[in-house]
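Undergrad: So for the sequence shown, my numbering puts the first residue at 351; every next one is plus one.
All residues carry an ideal CB built from backbone N, CA and C; glycine is no exception.
Computed from a prediction, not measured in an experiment: that's the story for all the values here.
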Amino acid sequence: MGAAIMKPAPKTYAVKSFGCQMNVYDGERMAELMAEQGLAATDAASADLVILNTCHIREKATEKVYSEIGRLRKDGRKPMIAVAGCVAQAEGEEIARRAKVDVVVGPQAYHNLPELVSTAAEKGLALDTDMPPELKFASLPARRKVGPSAFLTVQEGCDKFCTYCVVPYTRGAEVSRPFAAIVEEARSLVGAGAREITLLGQNVNAWRDADGRGLEKLAETLAEIPGLARIRYTTSHPNDMTDGLIAAHRDLPQLMPFLHLPVQSGNDRVLRAMNRSHSRDSYLRILDRVRAVRPDIALSGDFIVGFPGETEAEFADTLSLVDAVGYAQCFSFKYSPRPGTPAATMDDAVPAEVMDDRLQRLQAALNRDQIAFNRATVGRTCDVLIERTGKYPGQMLGKSPWLQSVIVTGDHAIGDIVTVRIAEAGPNSLMGVVERETPAAA
Ligand code: 5AD
Ligand code: SF4
Numbered sequence: 351m352g353a354a355i356m357k358p359a360p361k362t363y364a365v366k367s368f369g370c371q372m373n374v375y376d377g378e379r380m381a382e383l384m385a386e387q388g389l390a391a392t393d394a395a396s397a398d399l400v401i402l403n404t405c406h407i408r409e410k411a412t413e414k415v416y417s418e419i420g421r422l423r424k425d426g427r428k429p430m431i432a433v434a435g436c437v438a439q440a441e442g443e444e445i446a447r448r449a450k451v452d453v454v455v456g457p458q459a460y461h462n463l464p465e466l467v468s469t470a471a472e473k474g475l476a477l478d479t480d481m482p483p484e485l486k487f488a489s490l491p492a493r494r495k496v497g498p499s500a501f502l503t504v505q506e507g508c509d510k511f512c513t514y515c516v517v518p519y520t521r522g523a524e525v526s527r528p529f530a531a532i533v534e535e536a537r538s539l540v541g542a543g544a545r546e547i548t549l550l551g552q553n554v555n556a557w558r559d560a561d562g563r564g565l566e567k568l569a570e571t572l573a574e575i576p577g578l579a580r581i582r583y584t585t586s587h588p589n590d591m592t593d594g595l596i597a598a599h600r601d602l603p604q605l606m607p608f609l610h611l612p613v614q615s616g617n618d619r620v621l622r623a624m625n626r627s628h629s630r631d632s633y634l635r636i637l638d639r640v641r642a643v644r645p646d647i648a649l650s651g652d653f654i655v656g657f658p659g660e661t662e663a664e665f666a667d668t669l670s671l672v673d674a675v676g677y678a679q680c681f682s683f684k685y686s687p688r689p690g691t692p693a694a695t696m697d698d699a700v701p702a703e704v705m706d707d708r709l710q711r712l713q714a715a716l717n718r719d720q721i722a723f724n725r726a727t728v729g730r731t732c733d734v735l736i737e738r739t740g741k742y743p744g745q746m747l748g749k750s751p752w753l754q755s756v757i758v759t760g761d762h763a764i765g766d767i768v769t770v771r772i773a774e775a776g777p778n779s780l781m782g783v784v785e786r787e788t789p790a791a792a
């Protein structure tokens, strides 16, 4: 194998995360690990060690890694490069061969990064893509400093095997972290400044502990932590949307009125070909039940257009599902064949220009509904968690319970919760007028 050129032990580091929120979380934990080793954080353009925390979900996301590596080596710079995340897991040695990087580490092995970095400095290429059943979390340092809205991974992996998706291969089987470890991490996040925690998992609502407790029990327990005002969770699968979790949206004030529930398509034949194991109707019935207990809930979803064989009439079913639901926000993608997945060998690829056209029409419908949802909140009063300063002097930016960005003016501290009246709505943000403040220390 074309080995990487050996480099001295790094003194500075930078982490760049691509893709999903779980990668953001993993990236933060990798940074904490390197800081614990005494390395200083800096930007990727000057760091001795750059950790690229990569995404494999679509081809474009994967290609980004290689262009990023090229950029890091511009002007003859030779930083130590560690490829982490799902591309590392999926491509393993191949990525070391192709890009001559120093470290390749999978998403279940990054607690070994310090050791891998030393090995790379002493001997050249170090690789670890093991997926041990026991979780890495126990060997990571405690949380010290976080923003007001923090992520907490509670579940990883996927057993659903949708035919287009690489996640079951890159992240492995569904594994839930133990109850006590999650509660402990939540407490340390709140101690480190978090007022909102988003529980993360590829199938977060499939979280179960050894005693059979589900996500709603976990949320209930976290809600008792003093100072934790808000709880969110993402991403969920329709089949794991239990009665208990739905009821929690009625009973638990800390659980925010927002549900991200991907559907992918509104057509039953396509859903079957995707191996989604829910139908258009069963999905819509779940949303009805959620809305029955929490009428103001903001709904979100993921869509794929141009799955192999998708006809115009089948795509029209996706548009009509969108019309029926009225989403607050959504993510939509063109189908991207991923090596090793069953869909990659299916016939009847949808031509690129047809995919482009469908994506455009779908996004127009989703944008229309997002604006309508935002406009419907004008005149309402709600709490906003202040997360950062705004674009212009005197402005602060926070989130509504429905996950909308809200701009307010005035001198508020990051981490404050202010009660605002929504005065104006744009497609991507709202303007709020502050009526009352709850300081961060309250
Ligand atoms: N092509 C396009 N989109 C995909 N997704 C997952 N795999 C693919 C693929 N091969 C989308 C799904 C999923 C989201 C995280 O990414 O919509 O919910
Ligand atoms: Fe991928 Fe389907 Fe699992 Fe989601 S549920 S991670 S889309 S296989």
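Any chance the CB of Cys370 is under 7 Å from a heavy atom of ligand 2?
TA: Every heavy atom of ligand 2 is 7 Å or more from the Cβ of Cys370, so no.
Undergrad: Hey, could you find the ends of the beta strand (DSSP E) Ser755 is sitting in?
TA: From DSSP, the beta strand (DSSP E) with Ser755 extends over Ser755 to Thr759.
Undergrad: For the alpha helix (DSSP H) containing Met372, list its first residue and its last residue.
TA: Segment Gln371 to Glu386, the alpha helix (DSSP H) holding Met372.
Undergrad: Where in the stretch 470-509 do unbroken runs of the beta strand (DSSP E), each at least 3 residues long, occur, reported from the N-terminal end onward?
TA: The stretch 470-509 contains these whole beta strand (DSSP E) runs: 476-478 and 499-503.
Undergrad: Using 7 Å as the cut-off, classify the Cβ of Ile636 as near or not near the heavy atoms of ligand 1, replying yes or no.
TA: False, no ligand heavy atom lies under 7 Å from that Cβ.
Undergrad: Using only CA atoms, which one of Leu466, Thr571 and Pro689 lies nearest to Tyr519?
TA: For Tyr519, the nearest C-alpha among the options comes from Pro689.
Undergrad: Determine which residues share a DSSP beta bridge with Ile547 and list them.
TA: The partner list for Ile547 (beta bridge, DSSP) reads Ala500 and Ile581.
Undergrad: Examine ligand 1 and report whether any of its heavy atoms sits within less than 7 Å of the Cβ of Cys436.
TA: Cys436 Cβ: outside cutoff for every heavy atom of ligand 1.
Undergrad: Quick check on Met746: does DSSP put it in helix, strand or coil?
TA: It is a strand residue.
Undergrad: Give the straight-line distance between the Cα atoms of Ile575 and Arg493, rounded to the nearest whole angstrom.
TA: Using only the alpha carbons, I get a separation of about 16 Å.
Undergrad: Should Pro687 be listed as close to ligand 2, given that the test is whether its C-beta is under 7 Å from any heavy atom?
TA: Result no, Cβ not under 7 Å from ligand 2.
Undergrad: When the distance is taken between beta carbons, is Gly507 closer than 8 Å to Glu524?
TA: Going by C-beta atoms, Glu524 is nearer than 8 Å to Gly507.
Undergrad: Count the other CB atoms, across all protein chains shown, that sit within 10 Å of the CB of Ala663; report buried if there are 16 or more and exposed otherwise.
TA: Counting Cβ neighbours within 10 Å, Ala663 comes out exposed, since fewer than 16 surround it.
Undergrad: Measure the CB-CB distance between Ile532 and Leu568 and report whether it falls below 8 Å.
TA: Result yes, Cβ atoms of Ile532 and Leu568 sit closer than 8 Å.
Undergrad: In chain order, what residues of the same chain lie with their CB nearer than 7 Å to the CB of Leu605, ignoring the 5 residues before and after it?
TA: Taken in chain order, the residues that qualify are Ala569, Ile581, Ala598 and His599.
Undergrad: If you measure between the beta carbons of Leu466 and Val453, is that distance less than 8 Å?
TA: Going by C-beta atoms, Leu466 is nearer than 8 Å to Val453.
Undergrad: Would the beta-carbon of Arg711 fall within 8 Å of that of Ile772?
TA: It is not a contact, given that the beta carbons lie outside the stated cut-off.
Undergrad: Taking C-alpha atoms, which residue in Tyr742, Asp761, Ser670 and Lys741 lies nearest to Asp719?
TA: The residue with the shortest Cα to Cα distance from Asp719 is Ser670.
Undergrad: Taking buried to mean at least 16 other C-beta atoms within 10 Å of its own C-beta, is Glu413 buried or exposed?
TA: Exposed is the call here.
Undergrad: Quick one: what does DSSP say Gln458 is sitting in, helix, strand or coil?
TA: Coil.
Undergrad: Below 7 Å CB to CB, which residues in the same chain sit around Leu595 once its five sequence neighbours on both sides are set aside?
TA: Taken in chain order, the residues that qualify are Asn555, Gly564, Leu565 and Glu566.
Undergrad: Could you check which residue in Ser538, Asp590 and Thr585 has the C-alpha nearest to that of Arg558?
TA: If we check each option's Cα against that of Arg558, Asp590 comes out closest.
Undergrad: Near Cys512, which residues of its chain fall below 7 Å by C-beta distance, leaving aside the five closest residues on each side in sequence?
TA: Excluding positions up to five away in sequence, the list reads Met624, Asn625 and Arg626.
Undergrad: Mind checking who Val437 pairs with in its DSSP beta bridge?
TA: For Val437, which the question treats as bridged, DSSP gives no partner whatsoever.
Undergrad: Using only CA atoms, which one of Leu709, Thr691, Ser682 and Ala678 lies nearest to Ser779?
TA: Closest by alpha carbon: Ala678.
Undergrad: Going by the beta-carbon positions, is the gap between Ile764 and Ile721 smaller than 8 Å?
TA: No, Cβ-Cβ distance for Ile764 and Ile721 is not below 8 Å.
Undergrad: Let me know the secondary structure DSSP gives Ala446 once reduced to three states.
TA: Looking at Ala446 - three-state DSSP - the assignment turns out to be helix.
Undergrad: Taking 7 Å as the cut-off, is the C-beta of Val613 nearer than that to any heavy atom in ligand 2?
TA: For ligand 2, not one heavy atom lies less than 7 Å from the Cβ of Val613.
Undergrad: Give me, in chain order, the residues of the same chain whose beta-carbon lies closer than 6 Å to that of Thr548; leave out the 5 immediate sequence neighbours on both sides.
TA: Result list for Thr548: Phe501 and Arg582, in chain order.
Undergrad: Tell me whether the beta-carbon of Ala364 lies closer than 8 Å to the beta-carbon of Val400.
TA: Yes, these two residues count as a Cβ contact at 8 Å.
Undergrad: For Ala390, which residues from the same chain have a beta carbon less than 7 Å from its beta carbon, with the 5 sequence-adjacent residues on both sides left out?
TA: Closer than 7 Å at the Cβ level, and outside the excluded window around Ala390, lie Lys361 and Thr362.
Undergrad: Can you check the stretch 667-747 for any alpha helix (DSSP H) of at least 4 residues that lies completely inside it and give the ranges in chain order?
TA: As far as the stretch 667-747 is concerned, its whole alpha helix (DSSP H) runs of at least 4 residues are 702-726.
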